[in-house]
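J.: Chains as they are written, first to last, in the working numbering: chain P, 245 to 545; chain U, 374 to 870; chain B, 389 to 733; chain V, 1294 to 1620. Below you will find the structure I want to go over with you.
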Ligand SMILES: Nc1ncnc2c1ncn2[C@@H]1O[C@H](COP(=O)(O)OP(=O)(O)OP(=O)(O)O)[C@@H](O)[C@H]1O
Ligand SMILES: Nc1ncnc2c1ncn2[C@@H]1O[C@H](COP(=O)(O)OP(=O)(O)OP(=O)(O)O)[C@@H](O)[C@H]1O
Ligand SMILES: [Mg+2]
Ligand SMILES: [Mg+2]
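Here you go:
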C-alpha cells in the first residue's frame, strides 16, 4: 500500500456517493459539493452511482474500507440501506444524508438529513394553482407530466400536488403521463395531450425540463404557453426562469441543488462530534415572474 | 414405408414412394442429385413429417417425432453433410447424448476410450480430445459414422457416407457394413459410387425426380441398367474422357503460370516446390489427412504461408489472403461446401455470382440481366435442379449445392482453378460433365489443381500427380502411363517408384 | 402475398392504427395549421424519424452478424457537439454556423463509427462488448461536451432539422426518407447488399470467395454511427437543446427491436431496410398510441409487452398454423407438433 | 527439466486462453490498485467484490447457460426487480413467512423463463424479442404491484441480511456470497459433467446438427431459459437480502451488465464456447474497474464514464493480446 490521493493525514476526508449525473440539476448539485469541499479544505472522495443503488452501496463499502472520516450520500431510493449503514456505524463513521431521506426505522444509523421535501414541492405547486384559479368558475382541466415512473421525486411530487387539489372538485387531472424528466419526452407527450384533450387549462410538470419541452409542443400547436395553458413546474433551472421571465411559464417551485456549503458545515460539526439537528431543510423559494427576473443574473445552473 | 408423399413449397420431393428394408441386408438407395434420397431418409427418421403415406417398423405403424426418437427405437442415422458440433471434441461428438456415466456424472475417460474404440473400428486414428473443427472433412465424416455405430441399432441409415473418403477408408467401411449385416442389422445407404454399391448392397431402390422407379436385387441388375434407370436415358459413354489420356509433354511448351518455391506452413504442409503451367492439370494424391487440402489452400492464399515464395508469371507475389489469390486470378473451390462454401440463405444466382462480384468490387455490380444469364447457363450446363435461379441454396440437395459452388468459381474465368474434391456427392452424370469441363478448360489454357478422393479420377484428368504423405510432398509423377497402383505405392511408402 | 416477409409487419402496423381509430376516432385527424400538417400521424412520422434512421444503420450492422449498442451515446455526442458550437456563435441564426455545427457533429460521429468498426473488424472483438465500450464512455464524452448541463440553442436553421416543416411535412421525416433512399439505392443498386449478406450469412465462405470483409464490416459501423449522428441532430434540434445524459437513452434497444420486427435476423445474413423502417414506425406508433389512449404510466410496459407479443405471434408461421388448425378442428386439441429442423437456426 | 522450463513448456488449450488472459489482467489490476491506494490491498476489498456482486453473479450464471446455447436473455433485470417487489409485497403486505416467499418467488421466475423458452422454441420467435417481451412484461408487473420502493422489516430477512460469516482476521463474507458460490459450483458441474450441460454446448455449436444428432434440443432450450428465469429470481432474492427492500426500478440495465460479464469472461455470444468460471472473472473485471474508480475518488461523473469505458477497452484489448501472445 501507500501512495497518493488517500486519507490518513490530518485532512478531513469525506466520502460522497452521488446518485448520478442524470440532469442539469444534479450536475449543479455535484458541482456545489465539489467546490465547497475545496473551499472548506475537506478532502472529497466522490463517486457516481449512475442511478444504481447497488453501486452506491458498493461505494459506501469502499469508503468504509478506506476509513474516511464522514460519509455522505444522496440515496437513489429511500429504502434498503440498513445493512450498509450498520456497517458504517460499526466502523464508527458518521453518515449524512443529502437531498433525499432513507426510511430506516433505526434513526441512529445516520446523523442527519439535509435536503428538500418533494411532497412539499408538489404541495406548493398545488397551492399556487388553487390560488391562481381560485376565482375561476367551471372545471379546471389539468395535465400532468410525471417524472420517471417509480422514482421518488415523481411519486412525491405527484402525491403532494394531488393532496392539495383533491380539496376542490373543480380541479380535474384529465391526463397524466410520464415524461421521464426529459425535454424530448415532455415535448412528445405534450404533443399527444394536445391532440387527445379538447381542453387543457394547466400543465403541471414534475421538473423544468419537461415543461420546457412541453412549451415547444404548445407553441407548435398554435397556442400560447403561459396564457392559453398555464404552466407550473418544479426545480428552478436557469432556462426555466428565463421562460418564466418571458411569460411562458407561470410559476416555478424551487428545488435547491446548492447544498454544498451547508453540507460542509455539517461534515465539520459531525466530525468534531458536535450535536446536529436530525433534519435540516434547504432554503427553497418559489418564483413568480418578478422573482425570476431578479434571480436570473445570478443563476449558475 | 408406403405411398409416401412429401412436398416443399414449389417442389414435390417425394411422390407416392414406397420403400422397404429387411434385417440382415444392405440396401442401397440410388438416384440422381435431387431425386429425393435425403428427403426419404429424413421422412423415415421423423425430421420431416409426411404429407401422405405411412411408415411401419416391425409391422406396427410409427411416426417418429425426430431423430432422437428414431434413435431410441433403434434407427441410427448419418445424414448427408457433416452434422456434428464443431465446437466439441471428437470424443464428445461421438458420444453426445449417450455418454457413459458414473454416479450421474459423465465419465470422460470412458467416453474417450469408447470413442477411440469406435474410430479404431473404422481404422481411424485421431486425437479424440481434439476439437472437431480442427479435423478435415473426411475425418469429420468418419466421426459421424462412428457415432452412428455406437447404439445398439437395428437399422443403420447412412446418407452419402463415403463422399469424401479414400479407397482405403471406403473398403474399411464396407467391411464394417458386411459384419453388421451378418449380425442381422438392416443397413440403408446412399452413394453415387456404382462400384461401392455393387460391392456391398444386396438390394437397391431407385428414385428419380421424387418418384419410385423400382426395387431390385443386386443379382438382377447390371451397373449400366442401374444407371439407365437412375437418369432415365442411356448413359453416354463415360469412356471418351478416359481416352483423352494426358501427358506432361502436351503442355511442355506452355508458359509457367505459378511457381511455388519452398512454400510451407507450420502445422500445415512442409515446404514444397511446384510449378504449374498454363493448361496443365496437376492432380494431388494422398491418403486422408496427408495435406492435400492444406497445399491447395496455400496456393490460393486461404492460409498464409510462413515460408517460401510464390511467383506468378515470373513476378514474385505474396498470397496473404483469398483476396490476393482472387486478384491474381486464382480460384479455389473448397471441399467443405457447407461451412466454407455456400451462403445457405442466399439464392442460387447470388451464390453463383458471389466470387465474380467480389473480384469486381462493390461499386461495379454485375448487371442483373447478366446475373440471370450466367445462372441460367450454369444451371443448364451442370444440370442444377430445381432449375430455379431464385431458389434458396440451403434448400437444394447436397449434390446440387456442390454444383452451385463449382459454378461460382468457373465463372470467374480464373487462370488457375483449384478444385478440392469438386465431385463430392455429385451423381455420375454430372461428374462426367465436370470432368469434361476440366479437360476442356485446361485445353483452353487454364491451369487446374485437382484434388479428389477418387484416384482414378485424378489419374484420368491430370498431366502430373503430386503425391503427399504426412503433410509433405513426397513425389511429383509425370502422368505417362501412370497407374493407380504405382501412385498408391508411392502414397503408402513415401518414395517414388 | 402472405408469403412476403413484410406482409405481417405491415399488417401489425395497420392493426395497431386501426385499434387507435376505434378507441379514439380523432386519432387520424390531420389539419393544416400554421402552414404545415398537424396531427397524430404527423407526430408519429416526426418523432419516429430518428428511430427510423438508427434502425437503417443498425440493419446493416446486424446483417453482418454484429450489433451496435453505442448508437444512443453517438446520438448524445452529436447533439451535444452541434449545440455547443451553435451556442458559441454570435449569430445563432446563421445558416453557415448551423451547417458547420452539423458538419462537425457528423465528422465526430464518423470518427466514432471508425472506432467501433476498428474494434470489431480489425481487432476482432465481439461486437456487443466492442460497442459497449463506446456506449459507456460516450455518455461521459457527451456530458464532457455539455459540461453536464443542458445546452439550449436558438437557431432557426438548426431547428429545421428536428422540428421544422418542408412542403407541410416534418423535415425530420424527409431527411430520414432521403437517407433511406440513399441507403437503399447504395445497397441494392451496387453490390454492397449482396456482399454484406454474404459476409453475415457465412463469414468464412465470404472470405474464401474473396470478399474484403474487414472493410465491409468497418463500413457498416461507420454508416450506423453516421445515421445515429444525424438522429442525434434531429433529437436535439427538436427540443432546441442538447442533453448529454438523456438524449438517446435506450434507443439502441428500440432500434434493434425495429430491425428484428422488420424481418432481419440477429444471426446475420438477409436484411430488409424497408422492414426496419416499418418496424421503427410500428414502435413509434405504439408510443404515440400509449399517450393518445392515456394509458397509465405504470401500465405502459405491460401494454407494450402485449402488443409486441401479438405482433410476433402474428408473424410466427408456427402460431398461425396452430391457430388455423384449431379453428378447423374445433373440439379436439391439436396434436403435438413434430419438432422442426428449421427451428432457431 | 527446471520448473521454469516446465512453465515455459506449458501450452494452455486454445479455448482456455481468454480465461487465463482475464485472470492475468485481474491480478495486474489488483496489484496496481494495491500499490496506488491504501486499504485497497486488504483482502476485504476482494471479498467486497463478491459481496456487492453476489446477486449479479447468480444472474450471470443463468445468462451463461442461455448465451452458451447461442441465445440471449434481456429479461433478467426486470425479473430481478419483480422478485424483489414480489418478496417485499408478500412479506410486508401479505404477511407471508420467509420460507413460503422463497419458493414462490423462485417459481415465478422459473415460470416466466419457461414462458419465454416456449415462445422461442415452439413459436420460433427470436430470443432477443421473446425476452424483450419478458422484460417489458416483468417490469410492467412490478409497476402494477407498486410504483414505490419499500423496505422489508421482516426480522428473519434482517438477520440473514446482516449476518457476516467471518473468515478470520478482519475478513468476512455474506450469506449471499455463499449462495452465489454454490450456484457457480453447481452450474460448472452441470455444464461439465451432465448430458444436459453438454447438450447446451452442442446447441450453441450448431442447433441444426444437435437436432439431427438426436439430442433433445427443444427441451434443453426451454430448460435453459427456465433456468435463467430461476437464476434471476434467485438473484432477486439475494438482492432482497442485500438491500432489505423491494424496488420496481431495481436492475434497470442489469441485463447488459450480465451479458457483458459473460462475454468479457470469454464466452462467445454466438454460443458453444465458454465457462462459468469465465463469467465469475468477467464480473470481477467489471467490479474491479468500479472499485478502482471509487478508490481514486477524484473523478467527476462524466470522467467516471469515460474512464470506465477506457478501462474496459484496456481489459478487452489486453485480454486479446495476452491471449495471442501465449499461443
Ligand atoms: N428444406 C427444403 N425446402 C425446399 N426444398 C427442398 C428442401 N429439402 C429438399 N428440397 C428439394 O427436394 C428435392 C429432393 O432433395 P434431396 O435432398 O432429397 O435429394 P437427394 O436425392 O438427396 O440428392 P443428392 O444426391 O444431391 O443429395 C430437391 O429438389 C430439393 O431441392
Ligand atoms: N497433427 C495435426 N495438427 C494439426 N492439425 C491436424 C493434425 N493432423 C490433422 N490435422 C488436421 O487434419 C486435416 C488434414 O489435412 P488436409 O485436410 O490437408 O488433408 P487432406 O489430404 O486434404 O485429407 P482429407 O482427405 O482429410 O481432406 C487438416 O485440416 C488439419 O488441420
Ligand atoms: Mg442427398
Ligand atoms: Mg482434403
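Note that CB positions come from ideal geometry on N, CA and C, so glycine has one too.
Please list the terminal residues of the continuous alpha helix (DSSP H) segment that includes residue 1518(V).
T.: Taken as a continuous stretch (DSSP letters only), the alpha helix (DSSP H) holding residue 1518(V) covers 1510-1536.
J.: Within 10 angstroms of its Cβ, does residue 651(B) collect 16 or more other Cβ (buried), or is it exposed?
T.: Buried is the call here.
J.: Is the Cβ of residue 1535(V) closer than 8 Å to any Cβ of chain P?
T.: Yes, residue 1535(V) counts as interfacial toward chain P.
J.: Which of helix, strand or coil does DSSP assign to residue 401(B)?
T.: Helix, per DSSP.
J.: May I ask you to check if the CB of residue 514(U) is nearer than 7 Å to at least one heavy atom of ligand 1?
T.: Checking every heavy atom of ligand 1 against the Cβ of residue 514(U), none is found closer than 7 Å.
J.: Quick check on residue 637(B): does DSSP put it in helix, strand or coil?
T.: Of the three classes helix, strand and coil, the one that applies to residue 637(B) here is coil, per DSSP.
J.: Within the present structure, is the beta-carbon of residue 771(U) separated from the nearest heavy atom of ligand 6 by less than 7 Å?
T.: Absence of ligand 6 is noted for the structure shown, with ligand 1, ligand 2, ligand 3 and ligand 4 being the only ligands found.
J.: Return no unless some Cβ of chain V is closer than 8 Å to the Cβ of residue 395(P).
T.: Cβ-Cβ to chain V under 8 Å: yes for residue 395(P).
J.: Which of the residues in the segment 550-574 of chain U, read from start to end, lie with their CB under 8 Å from any CB of chain V?
T.: Under the 8 Å Cβ criterion, the segment 550-574 of chain U contributes no residue.
J.: What would DSSP say about residue 337(P), mapped onto helix, strand or coil?
T.: Three-state result, residue 337(P): coil.
J.: Taking 8 Å as the threshold, find out whether the segment 704-714 of chain U comes into contact with the segment 669-684 of chain U through three or more Cβ pairs.
T.: Touching, yes, given that three or more Cβ pairs across the two stretches are closer than 8 Å.
J.: Measuring from each Cβ to the nearest heavy atom of ligand 4, keep the ones under 7 Å and list them in chain order.
T.: Spelled out in chain order, the answer is 509(U), 510(U), 511(U), 665(U), 666(U), 708(U), 793(U), 794(U) and 824(U).
J.: Using the Cβ count rule (16 or more neighbours within 10 Å means buried), how would you classify residue 656(U)?
T.: With 16 or more Cβ atoms within 10 Å of its Cβ, residue 656(U) is classed as buried.
J.: Just the Cα atoms here: how many angstroms apart are residue 584(P) and residue 311(P)?
T.: Chain P is shown from 245 up to 545; residue 584(P) falls before or after that span and cannot be answered.
J.: Per DSSP, residue 394(U) is paired with what?
T.: DSSP output for residue 394(U) lists no bridge partner at all.
J.: Check the C-beta distance from residue 456(U) over to residue 517(U) and give it rounded, since I have them as a contact under 8 Å.
T.: Between residue 517(U) and residue 456(U) the Cβ distance is about 7 Å, and since that is below 8 Å, they are a contact.
J.: Extract the residue ranges of the alpha helix (DSSP H) inside the segment 644-692 of chain U, only unbroken runs of 4 or more that lie entirely within it.
T.: Fully enclosed alpha helix (DSSP H) runs of 4 or longer: 665-673.
J.: DSSP three-state call for residue 853(U): helix, strand or coil?
T.: Residue state, collapsed to three classes: coil.
J.: Closer than 8 Å between beta carbons: that is the criterion. Which residues of the segment 1488-1521 of chain V meet it against chain U?
T.: Cβ contacts with chain U: 1488, 1491, 1492, 1494, 1495, 1497, 1498, 1499, 1501, 1502, 1503, 1504, 1505, 1506, 1507, 1508 and 1509.
J.: Would residue 1459(V) pass as an interface residue toward chain P - the criterion being a Cβ-Cβ separation below 8 Å?
T.: Answer no: the Cβ-Cβ gap between residue 1459(V) and chain P never drops below 8 Å.
J.: State yes or no: is the C-beta of residue 384(U) nearer than 7 Å to some heavy atom of ligand 1?
T.: Because some heavy atom of ligand 1 lies under 7 Å away, the Cβ of residue 384(U) counts as near it: yes.
J.: By a C-beta neighbour count over all protein chains shown, 10 Å radius and 16 as the cutoff for buried, is residue 459(B) buried or exposed?
T.: Result: buried.
J.: With respect to 7 Å, is the separation between the Cβ of residue 1499(V) and the closest non-hydrogen atom of ligand 1 below this value?
T.: Answer for residue 1499(V): no, Cβ out of range of ligand 1.
J.: Write down every uninterrupted run of the alpha helix (DSSP H) in the segment 695-723 of chain U whose length is 4 residues or greater and which is fully enclosed by it, in chain order.
T.: Listed in chain order, they are 695-700.
J.: Please go through the same chain and pick out, in chain order, the residues whose beta-carbon is closer than 8 Å to the beta-carbon of residue 438(U), but skip the five residues on each side of it.
T.: Result list for residue 438(U): 419, in chain order.
J.: Answer yes or no: the CB of residue 534(U) versus the heavy atoms of ligand 1, is any distance below 7 Å?
T.: Residue 534(U) Cβ: outside cutoff for every heavy atom of ligand 1.
J.: From the DSSP output, which residues share a beta bridge with residue 342(P)?
T.: Note: residue 342(P) sits in a beta bridge opposite 358(P).
J.: Could you please give me the residues that DSSP links to residue 637(U) through a beta bridge?
T.: Bridge partners of residue 637(U): 680(U).
J.: Kindly indicate which residue of 826(U), 837(U), 787(U) and 780(U) has the alpha-carbon position closest to the one of residue 806(U).
T.: Looking at the Cα atoms, 780(U) is the closest of the given residues.
J.: So the alpha helix (DSSP H) residue 1489(V) belongs to, where does it begin and stop?
T.: 1488-1498 is the span of the alpha helix (DSSP H), which, as asked, contains residue 1489(V).
J.: Do the segment 1586-1595 of chain V and the segment 261-278 of chain P make contact, defined as three or more Cβ pairs closer than 8 Å?
T.: A contact exists between the segment 1586-1595 of chain V and the segment 261-278 of chain P.
J.: Going along the segment 435-451 of chain P in order, which residues come within less than 7 Å of chain V, judged by CB to CB distance?
T.: Residues passing the 7 Å Cβ filter: none.
J.: Using a Cβ-Cβ distance cut-off of 8 Å, determine whether residue 712(U) contacts chain B.
T.: Output row for residue 712(U): interface = yes.
J.: Residues of chain B with a CB under 7 Å from the CB of residue 421(P): which are they?
T.: Result: 679 and 685.
J.: Quick one: Cα of residue 333(P) to Cα of residue 346(P), how far?
T.: Approximately 15 Å between the Cα atoms of the pair.
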